[in-house]
Every structure is written in structure tokens, then in C-alpha cells.
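Below: the structure, in C-alpha cells.
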Amino acid sequence: MQYRRLGKSGLQVSALSLGTWLTFGKQIPDEVAEQLADTAYRAGVNFFDSAEIYARGQAEVVLGNILQKKGWDRTSYVVSSKLFFGLGGDLRPTQKGLSRKHIVEGCHGALRRLQVDYLDLLFCHRPDKQTPIEETVWAMHSLVMQGKVLYWGTSEWSAAEVLEACLVAEKHHLVGPTMEQPQYNLFERNKMEGEYLPLFERYGIGTTIWSPLASGLLTGKYNDADPKDTRLHIAGLEWLRDATLREERLNAVKALKTVADELGTSLPKLAIAWCLKNPHVSTVILGASKVHQLEETLGALDVVPQLTGEVTNRIEEIVGTKPVLPEY
Ligand code: NDP
Numbered sequence: 003m004q005y006r007r008l009g010k011s012g013l014q015v016s017a018l019s020l021g022t023w024l025t026f027g028k029q030i031p032d033e034v035a036e037q038l039a040d041t042a043y044r045a046g047v048n049f050f051d052s053a054e055i056y057a058r059g060q061a062e063v064v065l066g067n068i069l070q071k072k073g074w075d076r077t078s079y080v081v082s083s084k085l086f087f088g089l090g091g092d093l094r095p096t097q098k099g100l101s102r103k104h105i106v107e108g109c110h111g112a113l114r115r116l117q118v119d120y121l122d123l124l125f126c127h128r129p130d131k132q133t134p135i136e137e138t139v140w141a142m143h144s145l146v147m148q149g150k151v152l153y154w155g156t157s158e159w160s161a162a163e164v165l166e167a168c169l170v171a172e173k174h175h176l177v178g179p180t181m182e183q184p185q186y187n188l189f190e191r192n193k194m195e196g197e198y199l200p201l202f203e204r205y206g207i208g209t210t211i212w213s214p215l216a217s218g219l220l221t222g223k224y225n226d227a228d229p230k231d232t233r234l235h236i237a238g239l240e241w242l243r244d245a246t247l248r249e250e251r252l253n254a255v256k257a258l259k260t261v262a263d264e265l266g267t268s269l270p271k272l273a274i275a276w277c278l279k280n281p282h283v284s285t286v287i288l289g290a291s292k293v294h295q296l297e298e299t300l301g302a303l304d305v306v307p308q309l310t311g312e313v314t315n316r317i318e319e320i321v322g323t324k325p326v327l328p329e330y
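For the sequence shown, the tail end lands on 330 under the numbering used here, and the numbers increase by one without skipping.
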């Protein structure tokens, strides 16, 4: 395993980490979740990502039980939660968002479900237009001062919103955001390769990137088939299916497969290696519903050296998604 600093912080996270969205507490039995966590930990993964909304709190419960059962030294791993959506369902306004109330109560809920004394990372899962950013920064700072959270960050905020949080923290000498959690894969690149560049340069923000395989599309398994045992067939996720299985993307994935074949590797490994090549990526969060999937993607670091300029140029030609940056 390779370890990378989470932005300018001193925290070293494994370049590959394990997430729990849609899988833990939902799509897969708890025994499989345990096997996944165990496979990851044994491979050197030290970061497990979760959120209050995942399976309405159940993902954290399952992860917490695993951490408890395994008895891994608490100092050897990093565990996260994310707040904003609450536990889902019919919520009252105080049960979601980024107010001081929900941040404090949401943090306590995550600590209980995960059965830990502190969260290494706590994310604001989305921006909250109903709460001043200053209130959120103060609330996060307080949790850090209380030792309940070690580092806090954002997820899918605009660069302007992260910047405002950084400026508020600077102004009041508070602990500002350390990391952002954006989507990043061969099809979704604008934030990581455009919008956020000033945040990386000026504030040393780290990133824990999600959906590196675009929900499985970049494995190539949808190229000529429609396998039924995947997240795209989960009832209620029709929106994800529609967003994922787009014709132009499928065509690109088919062409990428030939690149993977020529390199003698697999498409999932190639797609994840491509994410790892970006130096602004602190960790790529892997998702898996089966152990063999994770065993494969954990091998992606070996493919990074194969991504020469020539290979990445070919990939660019195929996907055509490189953001066009403004010229100054
Ligand atoms: P991916 O895009 O990599 O999708 C993972 C899924 O792809 C797996 O669950 C599996 O789904 C399929 N897959 C993975 N590997 C293989 C393989 N080798 N062969 C075939 N199929 C494979 O990542 P996720 O979307 O799961 O995101 C990763 C993590 O990021 C999440 O668990 C979560 O922690 C975090 N996240 C954060 C978000 C945020 O807003 N901050 C949003 C979304 C995710 P299947 O078997 O069902 O096809």
C-alpha cells in the first residue's frame, strides 16, 4: 500500500480506501461487509468512509460492529462520517443540514453507531444554503477542540464555499477544512482538475475522491450486458441507472477496454490507476459488493507506472472529458 498526506495535514491515508455507500447495511450481507473490511485492512487500507445517511445509519452500525469485532488498534485506522442528509425519511428541519444543532447531534449519533470515541474525519456532506458557513465552521471547530473530531472537511461544495470556510477560519483563528470529498473519475473531472485548483495551491486541501468507477460503469461490465446483481438494479436507484448508462459513456468504456487489454491489465484497475495518478488525490475510495471486486481494485497501484504520457493521451482522446481551463 502507498500512503499519502491528506492535503497539507500530517495525516497519512492509504491511497486506496474503502467506502460503505449502498453496500454496507443494504446491498450486501453483514458477513460480506466484514470480509471486505478485513481484505482491505490486511492490504494496508487505513481509511473507512461512511455517512449518517448511508442505509439510514445502518452502514455505520455495520461498520462499527466490524471495527469492534476485529479489535484492530484504534490508532491504526481512520474512520469518517458525513452529515447533512440526516438519517433520511420524514425528517424535521432540525434533523438535517449543517446548523450547530445538527452538526453536534449528528456527530454524537455517528459516534454511537460507529462505537468509537472520536471521528478521524467528519465531512459536511453537501453545502447547506440555510445555514451561514460561519456557524458551520464554528461548530466543526468546537468538535475538534472537544476531541470528538480530528479533521473536518466538505463534500461536493463549490470552490467558493470551501474558500469562504477557509477565510472564516483564518479570520477567527479556527481549525478550517482539511479535505473535500468530490466525485472524480474519467467522466467527472471539472472540480478536481479545474475549480478546486486554487484550493489545493492556497490552502493545501486534501481529497478523498468517490465513485472512481462511475458506479461500476468503468469496469466494462455493462459493455455488452446488463448484469442483474448490481446496484443499477436496486429498486429506487433508477436515477443512478439513468445517469450511469449513457450511450456516449458506454462507447468510451468500450474503447478504453482495448487500452486496458493492450497494457495487459483490467479496465477497473486502469480506471482507478488513472485517478491515482492525479497528485491532488489523497485517497481513492473504493466501493465493492463482492470480495473478488475489491481484490482486483486493490491492485490498481501497480498499474500507475504504466500510465505514460502516450497512454494518458490515448485515454484523453477516447473520453474527451479534459476540462478546458480559463487562460490568464
Ligand atoms: P465506484 O464508482 O468505484 O463503484 C463501486 C461499485 O462498482 C461496487 O460497489 C460494485 O458495484 C462495482 N464494482 C467495483 N469493483 C468492481 C469490479 N472489480 N468488477 C465489477 N464491478 C465492480 O465507487 P462508489 O460509487 O461505491 O463510491 C465509493 C465510496 O465513495 C462510497 O462507498 C462512499 O463511501 C463514497 N461516496 C461518497 C459520496 C459523497 O457524496 N461524498 C457519494 C458516493 C460515494 P456492483 O457490484 O453493485 O455493480
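Heads up, the beta-carbon is just placed ideally off N, CA and C, and yes, glycines get one too.
Taking 4 residues as the shortest admissible run, the region 190-222 contains the following complete alpha helix (DSSP H) segments, listed from N- to C-terminal end: 199-205. Residue 167 holds the alpha-carbon nearest to the alpha-carbon of residue 133 among 167, 153 and 192. Residue 18 has 286 as its beta-bridge partners, per DSSP. When beta bridges are read from the DSSP output, residue 154 appears opposite 124. With a contact defined as Cβ atoms closer than 8 Å, residue 124 and residue 154 qualify at about 5 Å. When the Cα atoms are used, residue 304 and residue 264 turn out to be separated by approximately 16 Å. Checking the DSSP bridge columns, you'll see residue 182 partnered with 156 and 209. The beta carbons of residue 143 and residue 177 sit closer together than 7 Å. Residue 138 and residue 105 do touch by the CB rule: their CB atoms are close to 7 Å apart, below 8 Å.
At least one heavy atom of ligand 1 lies closer than 6 Å to the C-beta of residue 223.
Counting along the chain, no beta strand (DSSP E) covers residue 78, and no H or E run does either. Distances from the CB of residue 214 to the heavy atoms of ligand 1 include at least one below 6 Å. Within the DSSP secondary-structure output, residue 50 pairs in a beta bridge with 20 and 81. Approximately 5 Å separates the beta-carbon atoms of residue 36 and residue 68; this is inside 8 Å, confirming the contact.
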